[in-house]
Amino acid sequence: MFKNVRFIIPLFIISVLLSSCFEIVEDVTVKKDGSGSMKLTLNFSQSKTKIGAIMLMDSINGYKVPNRNEIEDQIEQAAARLKTIRGISNVSHTADFTNFIASINFSFRNVADVNNLVKELLAETDIKTKIPLSYRYNREEALFSKDYTFSPDVKEQFNRLKERDKEVFRTASYISILRFENTISSYSNQGAKMSKNQLAIMQRLPVSDLVSGKANISNQIQLSR
Amino acid sequence: MKRLLQLVTLVTCASYTATAQDLAYKIPEKAFSVFSVKSDQLFKLYPAAEFNNSTLGKKLLAQLSKTTDKDYKSIEDLGMNLSSSVYYYYLVTDSINYHGLLIPLADSKKIDALFAKQADSIQKVNGVNILPRTKQKTVIAWNEQFLYLTYGTVNTYFLKDSANAVRYGMPVLSSDDYYQYNEENTDATAAPAIDTVAMADIPQEGVMDTTAYPDSAVVEMPPPPPVIESAPPVSEAPSEETPAEETPVEDVQPYDYEERKRMIDSIATIWLTTATRQIFDKRNTAPSILNNPSYLRSADNSAVATYWMANLESLYTSFIPYKLLKYGNIMRGYGNINARLYMGKENIRLTSEMGLDAEKSAMYEKICDHKLNKDFLKYIKSDSLIGFMSYSFNTEAYMNEMPKLLLQSYGSNRYSEEMAIAADLVSVMLDEKAIAQVIKGDALFLLTNLSEKQVTYQTYNYNEETFEYKDTVMTKTETLPDFLFMLSSDDTRLFERLLNYGIRKEKIVLNNGIYSIAQSKKNPFTMRALIKDGIVFLGTSLQDLTQIHDGSFKGSLDKQHKELLTKNNIAMFFSPKSLSAKMPARELEDTNEKISKLLAGAGNVYITSAGLKDGYISGDLTIDVPKGEENALKYFLNLIEDMDKLK
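So the protein sequences, as listed, match chains A and B. The first sequence begins at 81 in the numbering used here and counts up by one. The second sequence begins at 890 in the numbering used here and counts up by one.
Take a look at the structure:
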């Protein structure tokens, strides 16, 4: 009993003082034939003090705090599920519980496989929403498109959050990197930035801009043939 | 002397008249729990006129006006007597459990007006207005002095019993549905009170029985099961001679849930109505909760609210099925519970107590017989402290008493022999003295400061040429609490060995007598440890520990903190004001600023427990009323309003 009580006061203070933030990195490599690989990284390292403190507790604000084993199980399950999806191979994942960073890697035969993956995962979780993000690759025209449809549902849910919780999303960043084998001749989204070697394109923005509909991450990329 | 006697008589008479108005005597002697609110105390702190104009008061009145379709401008318009106490009680019987609410009235005409629409359903008996509401399973009744609201839940097993079912004209269920309530009731240490209503004659529907429902007769009834010779309550129900199988009630499908529910509800209403009439007929000479000394202990007139509950053991036995009970009664020896809330000019105090039987008292007395290490006090700086928590118990006594406690709880059942062997085994295996040498049983946790610390984190460095990225380590400033934990030990060898093991495993570094435990995933702080003079120190501040090591630490303990720490077995203190003062400016943005303001204006919080007194263990929660606030109630209501604004 006393062991737990001892932690309460510092934890209370930690939760008052620390705002948490995180990074989502989406790194996609597309080959000429449309196959490629994807790496998704979730980095909570900047909030590790807070998360470390939260993980010492059983629950916070009425939510159950999962323990390390439960989180690992979830990641394992997600990876196992990915392996069964058509066109998806080389699935691997890492979870670092010192810095609170998790990542998942996989290869796809065609960018459509990634759309299919998102669809299946959404269907499984019973989320009845349109797929917000999809990729298209036209091999003949060497045109790659990333289509993001903003969903007002998401904005509504975001607006319902308390100010404190909104703050978490404001400080969080979303980074998207698209890599190609051919050089990029033009791209439509001016919020994005091209690498010096012209083989990659990057866009970085606060997660809150994404969920509130303020920013657009759709992009049409014309590659040299 | 004569004058003095006159004065004493006068005071006694005055207080007698004061208690005569009090409705406590209406509460049944066997009530299970009682909650009371002393309106006079409340409105002394917050005069009605002021309350009506407060935000909360306005909201409440608007809400009331809306739900009742009336225009309430003042709390006094409700007709309540604001200078007398409101009581809630809970009574458990074998057939029905009652929730009763007693509200003293100043103006019963206001209540008449409130229920004017339901005038047709109101029965008038001896100046009492009774409004039964079968659907809600409630009965509302009032006379000129008070309003009584009762709600009841029928114990389903009571009407599953075939004899009871026949008596109340209910269909008899098959034997599979029997609940072992007989077994449970007879085995319980304190059997539930006998249902007073089931004893009494039940009136025919529509006929007002104005004869007596004598209280005294009720109380003198023999123990359960109650036998009732009266006619069944439902008017169309058959007489007792008619076998149940041939009754019209049989036409109803025994498992027709809705029908059965309706019948139970109507029986409940009859019981509730009868009980209501008994409450109004009850005189203050009849046995009541006022005969219970443990209740009287809790009923303090200077408290704003009081709560009392009959002993835990009987609660446990009345709720836990017999099947589980035979494995042991973990509540054995724990008595009644009470809590009192005081609101004064200087503080809010919630004090709660639990009674213990003689055996448990003796055990707890030994366990609580330990004082906090006086040397701890040297390391407290009261003026800058954010909070502390201390505890002191006698480890050796605890280790010795623990097997006995287990034996008491689990020993008087079919496994008593096994439990006795297990208890002895524990004693043989553990060397209580040796354990008590290592951990004496007292410790103090001090929250000393908030300080900004550099914390590393991992992020990515992107190559402009290719956008390939590499992991990089960055640092940022975080505000973390500083603390110091102290533990008494007469034998520190075990701790030393543990720390040395850490050094060998390269997790701990020893420098100038101070052990440093590096930051890790579970531990955001760099912790320092020191063992000196039979105290194990664990803290975050290298400066503090170095000073303690050198003997140059200068503490400044104030009188209040000293008293809290030395006179209690458990003490906790938290100063929101010093927390707010130590918050770095960088943190004071947006919502944090509001929180900081709230903290700066909040009073200190204390929790204490001082061990055993008159066979009761107790705990106190005190919140100081900050300067500038008129009294505790106003402060509390203002605080709620401020917190509401935070969202």
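No residue lacks a Cβ here, since even glycine has one placed at the ideal position from N, Cα and C.
Amino acids of chain A, ordered along the chain, whose beta-carbon sits closer than 9 Å to that of residue i
i	result
B:Thr1364	In chain order: nothing, as chain A lies at least about 11 Å away.
B:Thr1348	Glu103, Asn123, Ser125 and Gln126
Residue i at chain A interface by Cβ criterion, 8 Å
i	result
B:Tyr976	no
B:Thr1355	yes
Closer than 8 Å at the beta carbon, the chain B residues around residue i
i	result
A:Thr129	Val1344, Glu1367, Leu1369 and Pro1413
A:Leu279	Thr1355
Minimum Cβ-Cβ distance from residue i to chain B less than 8 Å
i	result
A:Lys276	yes
A:Asn179	yes
A:Ala272	no
A:Met57	This structure leaves residue 57 of chain A out entirely; chain A is present only between 81 and 305.
A:Thr109	no
A:Pro90	Model confidence at A:Pro90 stands at a pLDDT of 45, short of 50, so the residue's coordinates are unreliable; what they give is reported in the following sentence. Interface residue, yes.
A:Ser266	no
A:Asn299	no
Distance CB(residue i)-CB(residue j) smaller than 8 Å
i	j	result
B:Tyr976	B:Ser925	yes
A:Lys128	A:Phe180	yes
B:Ile1011	B:Gly968	no
B:Lys1249	B:Gly1276	no
A:Lys226	A:Tyr215	yes
B:Ala1157	B:Gly1041	yes
B:Glu1354	A:Asn277	yes
B:Gln1330	B:Asn1283	Per the sequence presented here, residue 1330 of chain B reads as Gly, with Gln not at that position. Yes, they are a contact pair.
B:Glu1285	B:Ala1325	yes
A:Asn190	A:Gly114	yes
B:Ala1460	B:Thr1497	yes
Reference residue i; option with closest CA among the options
i	options	result
B:Glu1518	B:Gly1492, B:Gly1504 and B:Ala1175	B:Gly1492
A:Asp289	A:Leu258, A:Ile264 and A:Asn239	A:Asn239
B:Asn1236	B:Val1193, B:Met1243, B:Glu1242 and B:Asn1200	B:Val1193
B:Asn1181	B:Leu1487, B:Leu1454, B:Ala913 and B:Ser1469	B:Ala913
B:Leu1453	B:Asp966, B:Lys1260, B:Thr1174 and B:Asn1225	B:Lys1260
B:Ser1467	B:Lys1270, B:Glu1530, B:Ala1251 and B:Lys1150	B:Lys1270
B:Thr1455	B:Thr1023, B:Ser1155 and B:Phe1265	B:Phe1265
B:Gly1490	B:Thr1415, B:Phe1462 and B:Ile1512	B:Ile1512
B:Ser1464	B:Arg1172, B:Ile1256, B:Ser1273 and B:Gly1244	B:Ser1273
B:Gln1025	B:Gln930, B:Leu1161, B:Met1198 and B:Leu1488	B:Leu1161
B:Asp1145	B:Pro1060, B:Arg1229, B:Phe1384 and B:Ser1155	B:Pro1060
B:Met1288	B:Glu1307, B:Asn1262, B:Tyr1253 and B:Lys1263	B:Tyr1253
B:Asn1457	B:Leu1427, B:Asp1189, B:Phe1384 and B:Leu1333	B:Leu1333
B:Asn941	B:Asp1050, B:Phe921, B:Ile964 and B:Lys955	B:Ile964
B:Glu1530	B:Lys927, B:Ala938 and B:Ser943	B:Ser943
B:Pro917	B:Pro1176, B:Ile1226 and B:Arg1393	B:Pro1176
B:Trp1197	B:Met1291, B:Thr1337, B:Asp1379 and B:Phe921	B:Phe921
B:Leu1038	B:Phe1047, B:Tyr1046, B:Val1028 and B:Asn1044	B:Val1028
Rounded distance between the beta-carbons of residue j and residue i, thought under 8 Å
i	j	result
B:Leu950	B:Lys959	The pair is not a contact, with the Cβ atoms about 10 Å apart (cut-off 8 Å).
B:Tyr1505	B:Glu1242	4 Å
B:Met1375	B:Ile1406	B:Met1375 to B:Ile1406, Cβ: 16 Å. No contact.
A:Ser256	A:Glu106	5 Å
A:Asn299	A:Ala272	6 Å
B:Leu934	B:Leu1522	4 Å
B:Asp1538	B:Thr1023	Since the first and last residues shown for chain B are 890 and 1536, residue 1538 of chain B lies out of range.
B:Leu1335	B:Phe1372	6 Å
A:Ser265	A:Gln302	5 Å
B:Ile1437	B:Lys1421	7 Å
B:Met1363	B:Tyr1346	6 Å
Proximal chain A residues relative to residue i, where beta-carbon distance stays under 7 Å
i	result
B:Glu1235	Within chain A, no residue comes near B:Glu1235; the closest Cβ sits about 24 Å away, beyond 7 Å.
Under 7 Å from the C-beta of residue i: neighbouring residues of chain B
i	result
A:Ile257	Phe1356
Within-8 Å CB hit, residue i to chain D
i	result
B:Met1152	Here the protein chains are A and B, and chain D is not one of them.
Contact test: residue i Cβ vs the ligand SAM heavy atom, cutoff 7 Å
i	result
A:Ala280	No copy of the ligand SAM occurs in the structure displayed, which carries no ligand at all.
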